[in-house]
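A.B. asks:
In the working numbering, the protein residues as written are 261 to 510.
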């Protein structure tokens with residue numbers, strides 16, 4: 261009986277060790293993928309998002325007319341406002357807006373050529389409005405600073421989604437070209453038949469080399485889409501966005 265229990269325990273340990281090794285291997289592969297393929301894009305989109313955010317929030321703060329109108333609207337809507345209501349709204353926004361947004365931005369890259377994920381930078385405008393609303397509701401500089409920190413953290417997560425989505429779009433475009441660029445009888449085939457008829461060995465070798473190069477270029481478009489890395493990007497970005505959202509709501 262004891263031998264059976266020890267045997268099952270050893271088996272479970274082996275399973276756990278194998279799973280942990282697989283997890284660590286996937287994470288290592290992801291960071292190698294991040295560094296090689298999306299890190300530069302991530303930095304560019306993050307800087308661009310922050311630039312848009314600070315331009316819009318500075319415009320809002322400097323306009324007193326907007327402040328007065330927003331304040332009057334907030335006063336009318338915040339009569340029953342309390343901590344639990346704010347917490348409920350925060351978690352509701354995480355599950356109904358933030359998480360779906362992260363998924364949409366990444367997997368919009370399935371559309372070839374369009375680069376739809378780039379539109380995610382526009383979310384910086386929504387974050388600027390959100391931070392400004394927090395500032396107006398409390399009329400506190402500390403609240404504004406805290407809201408801006410939370411929004412900056414969120415933009416880091418969203419810009420990771422944008423960079424991942426753009427990479428996905430690039431591969432989708434290659435796959436589309438490969439699937440629609442298969443063998444077609446063309447001018448090179450006619451030339452090849454003509455040179456074969458004439459027995460022109462020199463020209464025949466040239467055209468065969470040219471056709472070989474074209475086939476090689478076509479095969480380079482037959483890329484493998486790293487869906488596991490995209491899913492890891494999604495979960496990392498969701499975690500970052502949740503942290504930023506909670507900080508912004510204080």
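By construction, the Cβ of each residue, glycine as well, lies at the ideal position given by its N, Cα and C atoms.
As a quick exercise: from 433, 505, 378, 437, pick the residue whose alpha carbon is nearest that of residue 409.
C.D. replies: 505
A.B. asks: Please state whether the Cβ-Cβ distance between residue 500 and residue 367 is less than 8 Å.
C.D. replies: Judged by their CB atoms, residue 500 and residue 367 are not nearer to each other than the 8 Å cut-off.
A.B. asks: DSSP three-state label for residue 351, please.
C.D. replies: Three-state result, residue 351: helix.
A.B. asks: Assess contact between the stretch 295-315 and the stretch 372-383, defined as three or more Cβ pairs (one per stretch) separated by less than 8 Å. Is contact present?
C.D. replies: Cβ pair count under 8 Å is three or more, so yes.
A.B. asks: Alpha helix (DSSP H) containing residue 414: first to last residue?
C.D. replies: Per DSSP, residue 414 belongs to the alpha helix (DSSP H) from 401-439.
A.B. asks: Could you give the distance in angstroms between the alpha-carbon of residue 469 and the alpha-carbon of residue 293?
C.D. replies: For residue 469 and residue 293, the gap between their C-alpha atoms comes out near 34 Å.
A.B. asks: Just the Cα atoms here: how many angstroms apart are residue 276 and residue 283?
C.D. replies: Reliability fails at residue 276, whose pLDDT of 47 lies under 50, so the model's placement of it is uncertain and the value that follows must be treated cautiously. Approximately 11 Å, taken between the alpha carbons.
A.B. asks: Below 8 Å on the Cβ atoms is my contact criterion, and I expect residue 358 with residue 502 to pass it. Report the Cβ-Cβ distance as a whole number of Å.
C.D. replies: 7 Å
A.B. asks: Tell me which residues share the same chain as residue 437 and place their Cβ nearer than 7 Å to its Cβ, disregarding the 5 neighbours each side in the sequence.
C.D. replies: 481
A.B. asks: Taking only the alpha-carbon atoms, compute the straight-line gap between residue 462 and residue 474 and give it to the nearest angstrom.
C.D. replies: 19 Å
A.B. asks: Ignore the nearest five residues each way along the sequence and tell me which others in residue 435's own chain have a CB closer than 6 Å to its CB.
C.D. replies: none
A.B. asks: Let's test the definition: count the other Cβ atoms within 10 Å of the Cβ of residue 288 and tell me whether it reaches 16, buried, or not, exposed.
C.D. replies: exposed
A.B. asks: Rounding to the nearest angstrom, what Cα-Cα distance links residue 453 and residue 459 in this structure?
C.D. replies: 10 Å
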